[in-house]
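K.L.:
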Amino acid sequence: MSTNMLTIVKHPLVQHKLTLMRQVDTATVKFRQLLREVSFLLAYEVTRDLELQTVEIETPLESMRSEILEGKNLCLVSILRAGNGLLDGMLDLVPTALVGHIGLYRDPTTLEPVEYYLKVPNRLDDRILIVVDPMIATGNSAVAAVSRLKEHGATRLKFVCLLAAPEGIEVFSAAHPDVPIYTAALDRQLNEHGYILPGLGDAGDRMYGTN
Ligand code: URA
Numbered sequence: 016m017s018t019n020m021l022t023i024v025k026h027p028l029v030q031h032k033l034t035l036m037r038q039v040d041t042a043t044v045k046f047r048q049l050l051r052e053v054s055f056l057l058a059y060e061v062t063r064d065l066e067l068q069t070v071e072i073e074t075p076l077e078s079m080r081s082e083i084l085e086g087k088n089l090c091l092v093s094i095l096r097a098g099n100g101l102l103d104g105m106l107d108l109v110p111t112a113l114v115g116h117i118g119l120y121r122d123p124t125t126l127e128p129v130e131y132y133l134k135v136p137n138r139l140d141d142r143i144l145i146v147v148d149p150m151i152a153t154g155n156s157a158v159a160a161v162s163r164l165k166e167h168g169a170t171r172l173k174f175v176c177l178l179a180a181p182e183g184i185e186v187f188s189a190a191h192p193d194v195p196i197y198t199a200a201l202d203r204q205l206n207e208h209g210y211i212l213p214g215l216g217d218a219g220d221r222m223y224g225t226n
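All residue numbers for the sequence shown refer to the numbering used here, where the first residue is 16 and numbers rise by one.
(1) Please state whether the Cβ-Cβ distance between Leu-215 and Arg-37 is less than 7 Å.
(2) Need the endpoints of the alpha helix (DSSP H) that Gly-183 sits in, please.
(3) Within 10 angstroms of the Cβ of Lys-32, are there 16 or more other Cβ atoms? Answer buried if so, exposed if not.
(4) Below 8 Å on the Cβ atoms is my guess for Ile-196 versus Met-79; work out the distance and round it to an integer in Å.
(5) Tell me the residue span of the alpha helix (DSSP H) that contains Met-222.
(6) With distances taken between CB atoms, is the gap from Gly-183 to Thr-153 smaller than 7 Å?
(7) How should Val-39 be labelled, buried or exposed, when 16 other C-beta atoms within 10 angstroms of its C-beta is the threshold for buried?
(8) Rank His-191, Leu-212 and Ile-143 by C-alpha distance to the C-alpha of Glu-66 and give the top, closest one.
(9) Quick one: does the C-beta of Gly-245 sit closer than 6 Å to a heavy atom of ligand 1?
(10) Taking the alpha-carbon of Leu-172 as reference, which of Arg-163, Thr-111, Lys-45 and Ala-180 has the nearest alpha-carbon?
(11) Rounded to the nearest angstrom, how far is the Cβ of Val-158 from that of His-208, given a contact under 8 Å?
(12) Cβ of Asp-202 within 7 Å of Cβ of Leu-177?
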């Protein structure tokens, strides 16, 4: 694979929870809860290099200089609908982040993304964007989402997913070599319908109990 921009988060808690999520008999409510927990842990990893500023504060005992996050320049962007499952846990960790949504569905025949919704905060050029979608499968939706955000001025982006297929990582990295990807696992391959193997099925359906 021709990218050094891929981080696989191998933390034991992430791997344990992912295994539970993969299992076909894991119920919807449990799946959602696990996804929230995993996204919390992925958020911890992807925000590791956020910049800090030093402020003067008072403890009960004395004054000190201490660090806080610099500004409110973090923006999370969810690729609808499955991205919302990752978004919720990440917002638990960084509640001051602004949020954008981009609606894309995969045309079932061509597997190409079709955009049906876009609402993002202004001044994307000033912000660090973390784009979230549980699956990078063909990579087409991820590429399209990031391209649209770049058209709106975004220059500093990261992509967070739960599972990725090698095919999708190749496609994404070729289109956006500047955007690092964080995932909990890199699976074996795609099947002929564009599903990740061994995967966990359709993330949106698993999350919301649809099919
Ligand atoms: N989207 C999913 O939800 N699952 C896959 O396996 C591939 C794309």
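Heads up, the beta-carbon is just placed ideally off N, CA and C, and yes, glycines get one too.
In this text the structure is predicted, and so the values were computed from the model without any measurement.
P.N.:
Let's see:
(1) Yes, the Cβ-Cβ distance between Leu-215 and Arg-37 is below 7 Å.
(2) Looking at the DSSP string, the run of the alpha helix (DSSP H) that includes Gly-183 is 181-190.
(3) Buried, since its Cβ has 16 or more Cβ neighbours within 10 Å.
(4) About 38 Å separates the Cβ atoms of Ile-196 and Met-79, ruling out a contact at the 8 Å cut-off.
(5) Residue range 218-223 is occupied by the alpha helix (DSSP H) that includes Met-222.
(6) In this structure, Thr-153 lies closer than 7 Å to Gly-183 by Cβ.
(7) Exposed, because fewer than 16 other Cβ atoms sit within 10 Å of the Cβ of Val-39.
(8) Of His-191, Leu-212 and Ile-143, the residue nearest in Cα terms is Ile-143.
(9) Limits of the chain in this structure are 16 at one end and 226 at the other, which puts residue 245 out of reach.
(10) The candidate whose alpha carbon is nearest that of Leu-172 is Arg-163.
(11) With a Cβ gap of about 19 Å, Val-158 and His-208 do not count as contacting.
(12) Contact: no.
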